[in-house]
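Novice: Quick one: the structure is below, and I'll ask about it shortly.
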Amino acid sequence: MPVTAGEILVQLLNGISIGLSIALIAAGLTLIFGVMDIVNFAHGEFYMLGAYGTIVILPLVGNFWLGLVLAALGVGLFGAALERLTLKPIRERDPLQSLIVTFGFILVLQQLILEIFGGSPRGMPTPISGTINVAGITYPWVRIAAIVGALAVLAALFVFLSKTRLGIHMRASAQDLDAARTLGVRSDRVFSTSFAISTALAALAAGFMAPIRGVSPTMGVGVIIDAFIVVIVGGLGSVVGAIVAALIIGLTQSMTVLVLPPYMSQIIALGLLVIVLLVKPTGLFGE
Numbered sequence: 052m053p054v055t056a057g058e059i060l061v062q063l064l065n066g067i068s069i070g071l072s073i074a075l076i077a078a079g080l081t082l083i084f085g086v087m088d089i090v091n092f093a094h095g096e097f098y099m100l101g102a103y104g105t106i107v108i109l110p111l112v113g114n115f116w117l118g119l120v121l122a123a124l125g126v127g128l129f130g131a132a133l134e135r136l137t138l139k140p141i142r143e144r145d146p147l148q149s150l151i152v153t154f155g156f157i158l159v160l161q162q163l164i165l166e167i168f169g170g171s172p173r174g175m176p177t178p179i180s181g182t183i184n185v186a187g188i189t190y191p192w193v194r195i196a197a198i199v200g201a202l203a204v205l206a207a208l209f210v211f212l213s214k215t216r217l218g219i220h221m222r223a224s225a226q227d228l229d230a231a232r233t234l235g236v237r238s239d240r241v242f243s244t245s246f247a248i249s250t251a252l253a254a255l256a257a258g259f260m261a262p263i264r265g266v267s268p269t270m271g272v273g274v275i276i277d278a279f280i281v282v283i284v285g286g287l288g289s290v291v292g293a294i295v296a297a298l299i300i301g302l303t304q305s306m307t308v309l310v311l312p313p314y315m316s317q318i319i320a321l322g323l324l325v326i327v328l329l330v331k332p333t334g335l336f337g338e
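Going by the working numbering, the first residue of the sequence shown is number 52, and it counts up by one from there.
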């Protein structure tokens, strides 16, 4: 059957929605790598914690957006505490140790959620219901809200990194940690803040995606694969690269389903990763 203009528009919007949400996760992942030189294998689990945290807080506050913000703050503080307690003591050691520690986070956090909530998938209430008519097609408001919310968070991230003292210190540490320390930058504070922000970004992404995809203890596995692809394609340590690559991957995956079976979307994304690495091994925006 021929593809209609309406179907193309729907998948285009879906791709933007998915891409921006993945961008939040990937931006946090690449931020940790750029500033701390750590690959956080457990980043998907902080995404999961954001979803479950929102489910717990929502009945207490009665407002989805307030519940999501509070859940993200909680996840960010939890991430900062984990960094101080587990990663700080081994910061100057073999990088393999930090990889093992973050892998341990996966096992502990998944088991914790299984013990508290069980293994059954859950739904998350949508922050906004109904549909909007766009060029003769109906499109759910919840996806529009996800697009707007993700754009707002990414804009706030850029303002923080470029205009605030702490954000500038984070960028300086990412470029040259020793030089930043010489100039008086407190690296411990920068590392903890970077971990807190990155995990909070993952939690916010969960709030935008979970009403659409649902909530489960293993929900972080799928998104972290996409996030790693995005970070590598965009260039390790580049937040801008992560956002651009996330949109490319999101749009590629959504548009692929118009002409190919859904399972091919992940294969196409992996193929794109291979092509980029062959042409530019450091990624699109890597140095």
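Glycine residues also receive a C-beta, built at the ideal position from the N, C-alpha and C atoms.
1) Comparing C-alpha positions only, which one of T233, S238 and D229 sits nearest to G218?
2) Looking only at its own chain, which residues have a Cβ that is under 7 Å from the Cβ of V200, when we skip the five neighbours before and after it?
3) How far does the alpha helix (DSSP H) with I183 in it extend, from its first residue to its last?
4) Would you mind stating whether A296 and G285 have Cβ atoms separated by less than 9 Å?
5) Check each candidate in L75, A132 and F336 and name the one with the smallest Cα separation from F209.
6) In whole angstroms, what is the alpha-carbon distance linking A225 and V241?
7) Any heavy atom of the ligand ATP within a distance shorter than 8 Å of the CB on A74?
8) In whole angstroms, give me the CA-to-CA distance for M139 and F129.
9) Express the C-alpha separation of V126 and S171 in angstroms, rounding to a whole number.
10) With contact counted as at least three CB pairs below 8 Å, one residue from each stretch, are the stretch 250-269 and the stretch 177-197 in contact?
11) Excluding sequence positions up to five away, which residues of its chain have a Cβ less than 8 Å from the Cβ of T233?
12) First and last residue of the beta strand (DSSP E) that includes Y190?
13) Does DSSP put R173 in a helix, in a strand, or in coil?
14) Can you pull the DSSP bridge partners for V266?
15) Residues in its own chain within less than 7 Å of L228 by CB, not counting five upstream and five downstream?
16) Assign T55 to one of two classes, buried (16 or more other C-beta atoms within 10 Å of its C-beta) or exposed (fewer than that).
17) To the nearest angstrom, report how far apart R135 and I83 are at their CA atoms.
18) Could you spell out where the alpha helix (DSSP H) holding V107 opens and where it closes?
19) Leaving out five residues before and five after F279 in sequence, what residues of the same chain have Cβ atoms less than 6 Å from its Cβ?
20) Since I believe Y190 is in contact with L64 (beta carbons under 8 Å), could you give me their beta-carbon distance rounded to a whole number of angstroms?
21) Enumerate, from N- to C-terminal direction, the unbroken beta strand (DSSP E) stretches of 3 or more residues contained entirely within the stretch 121-150.
22) Over what stretch of residues does the alpha helix (DSSP H) that includes T233 continue unbroken?
23) Among Q62, T244, G337 and T269, whose alpha-carbon lies nearest the alpha-carbon of V185?
24) Looking at S243: is its Cβ nearer than 9 Å to the Cβ of L80?
25) Measure the Cβ-Cβ separation of G101 and L255 and say whether it is below 9 Å.
26) Quick one: residues in its chain with C-beta nearer than 6 Å to the C-beta of I59, no 5 flanking neighbours on either side, listed in chain order?
Specialist: So, to answer that:
1) By 1-based counting over the sequence shown, the position of residue 218 is 167. Ranking T233, S238 and D229 by Cα distance to G218 puts S238 first.
2) Along the sequence shown, read from residue 1 onward, the residue named residue 200 stands at position 149. Note that residue 200 is Gly in the sequence shown, not Val. Counting only Cβ-Cβ distances below 7 Å, and skipping sequence neighbours, we find F259.
3) Reading the sequence shown from its first residue, position 132 is the one you call residue 183. Note, I183: premise wrong, no alpha helix (DSSP H); beta strand (DSSP E) at T182 to V185.
4) Looking up residue 296 in the sequence shown gives position 245. Looking up residue 285 in the sequence shown gives position 234. Cβ distance < 9 Å, so A296 and G285 count as in contact.
5) If you number the sequence shown from 1, residue 209 lands on position 158. The shortest C-alpha to C-alpha distance from F209 to any of L75, A132 and F336 is the one to L75.
6) Sequence index remark: in the sequence shown, residue 225 carries index 174 (1-based). Sequence index remark: in the sequence shown, residue 241 carries index 190 (1-based). Separation of A225 and V241 (C-alpha to C-alpha, rounded to the nearest whole angstrom) is 10 Å.
7) The ligand ATP is absent from the structure shown, which contains no ligand whatsoever.
8) Start at 1 with the first residue of the sequence shown, and residue 139 comes out as number 88. Start at 1 with the first residue of the sequence shown, and residue 129 comes out as number 78. A quick correction: the sequence has Lys, not Met, at residue 139. If you take the alpha carbons of K139 and F129, they lie about 14 Å apart.
9) As a first step, residue 171 is located in the sequence shown; it is residue number 120 there, counting from the start. As a first step, residue 126 is located in the sequence shown; it is residue number 75 there, counting from the start. One C-alpha to the other measures close to 22 Å.
10) Counting Cβ pairs under 8 Å, three or more are found: they touch.
11) Within the sequence shown, residue 233 is the residue found at index 182, counting from 1. Counting only Cβ-Cβ distances below 8 Å, and skipping sequence neighbours, we find nothing.
12) One-based indexing of the sequence shown puts residue 190 at position 139. From DSSP, the beta strand (DSSP E) with Y190 extends over I188 to P191.
13) Position 122 of the sequence shown, counting from 1, holds the residue named residue 173. DSSP places R173 in strand when its eight states are reduced to three.
14) Position 215 of the sequence shown, counting from 1, holds the residue named residue 266. Assignment of beta-bridge partners to V266 by DSSP yields R173.
15) Taking the first residue of the sequence shown as position 1, residue 228 is located at position 177. The residues are S238.
16) Sequence index remark: in the sequence shown, residue 55 carries index 4 (1-based). So T55 counts as exposed.
17) On the sequence shown, position 84 is the one that residue 135 refers to. On the sequence shown, position 32 is the one that residue 83 refers to. The C-alpha of I83 is placed about 14 Å away from the C-alpha of R135.
18) Here residue 107 corresponds to residue number 56 of the sequence shown, with the count starting at 1. Following the DSSP letters along the chain, one finds V107 inside the alpha helix (DSSP H) bounded by residues H94 to V112.
19) For this step, residue 279 is matched to residue 228 along the sequence shown. Within the same chain, F279 has no close Cβ partners at all.
20) The residue labelled residue 64 in the question sits at position 13 within the sequence shown. The residue labelled residue 190 in the question sits at position 139 within the sequence shown. That pair is a contact at about 6 Å.
21) As far as the stretch 121-150 is concerned, it has no whole beta strand (DSSP E) run of at least 3 residues.
22) By 1-based counting over the sequence shown, the position of residue 233 is 182. Residues L228 to T233.
23) Taking the sequence shown and counting its residues from 1, one reaches residue 185 at position 134. When Q62, T244, G337 and T269 are compared, the shortest CA-CA separation from V185 is found for Q62.
24) Translated into positions along the sequence shown, residue 243 becomes position 192. Translated into positions along the sequence shown, residue 80 becomes position 29. Contact: no.
25) Start at 1 with the first residue of the sequence shown, and residue 101 comes out as number 50. Start at 1 with the first residue of the sequence shown, and residue 255 comes out as number 204. Taking 9 Å as the Cβ cut-off, G101 and L255 qualify as a contacting pair.
26) For the purposes of this step, residue 59 is identified with residue 8 of the sequence shown, where counting begins at 1. There are no such residues.
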